[in-house]
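Trainee: In my numbering, the protein residues as written are 48 to 514.
Here's a structure for you.
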Amino acid sequence: MSKQTEFSKFFRGLSGFSIGPIVSALIAFAVVPITTFLISPEELGRGSFFITINQLIQLITVLGFDQAFVREYHQSTDKKSLFTNSFIPPLLFSGLIGIIVVIWWKPVSNLVVEEQSFLVAGLLCVSAVLSVVLRFSSLLIRMREKALLYSVFNISNKVTNVLVLLLFAYLIQADYLAVVVAFVTSLVLTSLLQRLYLNKTWELDLKSLNIREQVSYLKYGTPLAIAGAFMWILNSMDKVALRSWSTFYELGLYSNAFRIAGLFTIIQTAFSTFYAPTSYRWYSEEPGTKRFSIISSLMAYVLTIIFIVVAVSKDLVKIIIDESYYASLTMIPFLLFFPVMYTLSETTGLAISFKRKTWLTLVVTIVAAMVNLVGNILLVPTYGGFGASVSTGISFIVFFWLRTLIAHSQLTLVTLKPHVFTTLSMLLIAILVSINVQGLILYGCAGLLILIFTRLAIKKIYEFKRI
């Protein structure tokens, strides 16, 4: 493959995988003002906590088999066997968890929404199973680098979620059930559409079920599964802390801020989805390639520019949201660190996966999760959602640098200097915005940094074209 072709393939593939998340985010962002007028912060908080619990169940039931599937896909000669032995154990486990949820529906629903509701428990059971189905069907599409198709399903999922949410809230009842029903309905539809598309590929070869093969996947995936559980703590401790030590009102404000900060989450989703299979292919073709360092630096510059623009422009959102949600805007700057630092760690921490030392990911995640836990204990009781946002931001900075330095010690793939500069720049802007610095100091710093990083990003693009 020629250099120009590889350059074109990379950005064409990235663009294809970005279409879905970008369109989905635009749809979701357009619905934010409508949602704030229809659903109160308290009810939004309840619905958001249901989704948080669903994410925890998915992490537990998948058991790291999804990561093993991704790792072995390009090296496997029998992909049907690989898929069967990777998919069946999580599917069975999710079914078991679903049964437990239904049997103990009263305490489960009370924990999630502070209401005894068999409907909530039933929907949680359905979402537990379908989340596994959707996860593996999406992986089949990702690993084939079917960018446009992946985006189509992503958009259909978001459109379904938004339409059901608005219709349910407007026509039936504007409470947490609107959020929950919309979430589960989008899971059902997207799972069904992907299953129909992958009809032949999805055929399970039950004769190929092999305990020894599954154990090998489990050995690879278990550290990642445990790391995933701690990642859930890292990602969701803020919401649990607000649920435990604050109010659903604060949780609702925080959830709204998270949706606005979701501009970066779409970049995280699009880039991580595309870059995982691409990086494994690059490493198998040319382990010492310079592409890893160039892409890592380029992403750092681009994400920092977007971080600065979003952080300094946060108050513009007041124009479109209900006044009851204004307090959520103060939480945005530090929440931006979550998707930014995680996305960047996907470019700097590759050596851990390449060397199959997945237990190091567990170490990184545990340390960052403990930082987040301590931060929430110290800050949430006093500062509510803002304290949770600060704790989240700091913990993801720790996550990024620990993952980066450990990976760097295993194999030198990236240059660290650009990341030092960008991290300090984002931290400076976040602090200035959070303490309400205005005028020349804020906008002068922001403008200068944007100019610097734009120039550096352009240089990296040309450098990528030349290698």
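All C-beta atoms, glycine included, are put in the ideal place defined by N, C-alpha and C.
Could you tell me the distance, in whole angstroms, from the CA atom of R182 to the CA atom of L234?
Mentor: The residue you call residue 182 lines up with position 135 of the sequence shown. The residue you call residue 234 lines up with position 187 of the sequence shown. C-alpha separation (whole angstroms): 10 Å.
Trainee: So, using beta-carbon positions, are Y296 and E162 closer together than 8 Å?
Mentor: Start at 1 with the first residue of the sequence shown, and residue 296 comes out as number 249. Start at 1 with the first residue of the sequence shown, and residue 162 comes out as number 115. No, Cβ-Cβ distance for Y296 and E162 is not below 8 Å.
Trainee: For T429, count the other beta carbons within 10 Å of its own beta carbon; 16 or more makes it buried, fewer makes it exposed. Which is it?
Mentor: Start at 1 with the first residue of the sequence shown, and residue 429 comes out as number 382. The residue in question, T429, is exposed, as its Cβ has fewer than 16 Cβ neighbours within 10 Å.
Trainee: State the DSSP-derived secondary structure class of T462, mapped to helix, strand or coil.
Mentor: Taking the first residue of the sequence shown as 1, we reach residue 462 at position 415. Looking at T462 - three-state DSSP - the assignment turns out to be coil, as it is neither helix nor strand.
Trainee: Which two residues bound the contiguous alpha helix (DSSP H) that contains N303?
Mentor: Position 256 of the sequence shown holds residue 303. Taken as a continuous stretch (DSSP letters only), the alpha helix (DSSP H) holding N303 covers F295 to I307.
Trainee: Which of the three DSSP states, helix, strand or coil, is assigned to W292?
Mentor: In the sequence shown, counting from the first residue as 1, residue 292 sits at position 245. Residue state, collapsed to three classes: helix.
Trainee: Identify the continuous alpha helix (DSSP H) that holds Q114 and give its terminal residues.
Mentor: Taking the sequence shown and counting its residues from 1, one reaches residue 114 at position 67. Residues F112 to Y120.
Trainee: Among N303, S302 and I342, which has the Cα closest to the Cα of T319?
Mentor: By one-based count along the sequence shown, residue 319 stands at place 272. Looking at the sequence shown, residue 319 is not Thr but Ser. The candidate whose alpha carbon is nearest that of S319 is I342.
Trainee: Within 8 Å (strictly less), CB to CB, does L251 reach chain B?
Mentor: Of the chains in the structure shown, none is chain B; there is only one protein chain.
Trainee: Spatial neighbours of A288 within its chain, please: C-beta separation below 7 Å, excluding the five flanking residues on both sides.
Mentor: Numbered from 1 along the sequence shown, position 241 holds the residue referred to as residue 288. Here the set comprises N423, V427 and A435.
Trainee: Hey, out of L487, L265, A229 and S95, whose CA is closest to P136's CA?
Mentor: In the sequence shown, the residue the question calls residue 136 occupies position 89. Nearest C-alpha to P136: L265.
Trainee: Do three or more CB pairs link the segment 89-99 to the segment 376-391 at distances below 8 Å?
Mentor: no
Trainee: Please report the distance separating the alpha-carbon of K365 from that of T312.
Mentor: For the purposes of this step, residue 365 is taken as the residue at position 318 of the sequence shown. For the purposes of this step, residue 312 is taken as the residue at position 265 of the sequence shown. The straight-line gap from Cα to Cα measures roughly 21 Å.
Trainee: Return the residue from the list Y120, L239 and L195 that minimises the CA-CA distance to S178.
Mentor: Reading the sequence shown from its first residue, position 131 is the one you call residue 178. When only C-alpha atoms are compared, the closest one is L239.
Trainee: What's the C-alpha gap between Q409 and F277?
Mentor: Numbered from its first residue, the sequence shown carries residue 409 at position 362. Numbered from its first residue, the sequence shown carries residue 277 at position 230. With the sequence shown as reference, residue 409 is identified as Leu, and Gln is not the correct amino acid for it. If I take the Cα positions, the gap works out to 8 Å.
Trainee: Would A175 pass as a contact of V149 if the rule is Cβ separation under 8 Å?
Mentor: Stepping through the sequence shown from its first residue, residue 175 is reached at position 128. Stepping through the sequence shown from its first residue, residue 149 is reached at position 102. No, the pair does not count as a contact, with Cβ atoms beyond the cut-off.
Trainee: Less than 8 Å separating the beta-carbons of T351 and M190?
Mentor: What you label residue 351 is simply residue 304 of the sequence shown in a count that begins at 1. What you label residue 190 is simply residue 143 of the sequence shown in a count that begins at 1. It is not a contact, given that the beta carbons lie outside the stated cut-off.
Trainee: Within 10 angstroms of the Cβ of S164, are there 16 or more other Cβ atoms? Answer buried if so, exposed if not.
Mentor: Reading the sequence shown from its first residue, position 117 is the one you call residue 164. By the 10 Å Cβ count, S164 comes out buried.
Trainee: If we require 4 or more residues per run, which alpha helix (DSSP H) segments fall completely within the segment 147-175?
Mentor: 152-160
Trainee: Return the chain-ordered list of same chain residues with a C-beta closer than 7 Å to the C-beta of K402, the five sequence neighbours on each side being excluded.
Mentor: Locating residue 402 in the sequence shown gives position 355, where the first residue counts as 1. Excluding sequence neighbours, K402 sits near Q457 and L458.
Trainee: Give the range of the alpha helix (DSSP H) segment to which V364 is assigned.
Mentor: Taking the first residue of the sequence shown as 1, we reach residue 364 at position 317. From DSSP, V364 is part of no alpha helix (DSSP H); its letter is neither H nor E.
Trainee: Assuming M21 contacts T394 under a Cβ cut-off of 8 Å, what Cβ separation, rounded to an integer in Å, is found between them?
Mentor: Within the shown structure, residues of the chain are numbered from 48 to 514, placing residue 21 beyond reach of any answer.
Trainee: From V445 to V159, what does the alpha carbon distance come to, in whole angstroms?
Mentor: As a working note, residue 445 is residue 398 in the sequence shown. As a working note, residue 159 is residue 112 in the sequence shown. For V445 and V159, the distance between alpha carbons rounds to 30 Å.
Trainee: With DSSP as the reference, label L86 as helix, strand or coil.
Mentor: By 1-based counting over the sequence shown, the position of residue 86 is 39. According to the sequence displayed, residue 86 carries Ile and not Leu. I86: coil per DSSP, three-state reduction.
Trainee: Given a cut-off of 8 Å, decide if V359 and A493 are closer than it, judged by their beta-carbon atoms.
Mentor: Counted from its first residue, the sequence shown places residue 493 at position 446. Counted from its first residue, the sequence shown places residue 359 at position 312. For A493 and V359, yes; Cβs fall inside 8 Å.
Trainee: Would DSSP call S360 helix, strand or coil?
Mentor: Translated into positions along the sequence shown, residue 360 becomes position 313. Here S360 sits in coil by DSSP.
Trainee: Starting from R242, trace the alpha helix (DSSP H) in both directions and tell me its first and last residue.
Mentor: Against the sequence shown, residue 242 aligns to sequence position 195. From DSSP, the alpha helix (DSSP H) with R242 extends over Y223 to Y244.
Trainee: I believe L391 touches H466 by the beta-carbon criterion, under 8 Å. Please report the beta-carbon distance rounded to the nearest angstrom.
Mentor: The sequence position of residue 391 within the sequence shown is 344, counting from 1. The sequence position of residue 466 within the sequence shown is 419, counting from 1. With 8 Å as the limit, L391 and H466 qualify as a contact, their Cβ atoms being about 7 Å apart.
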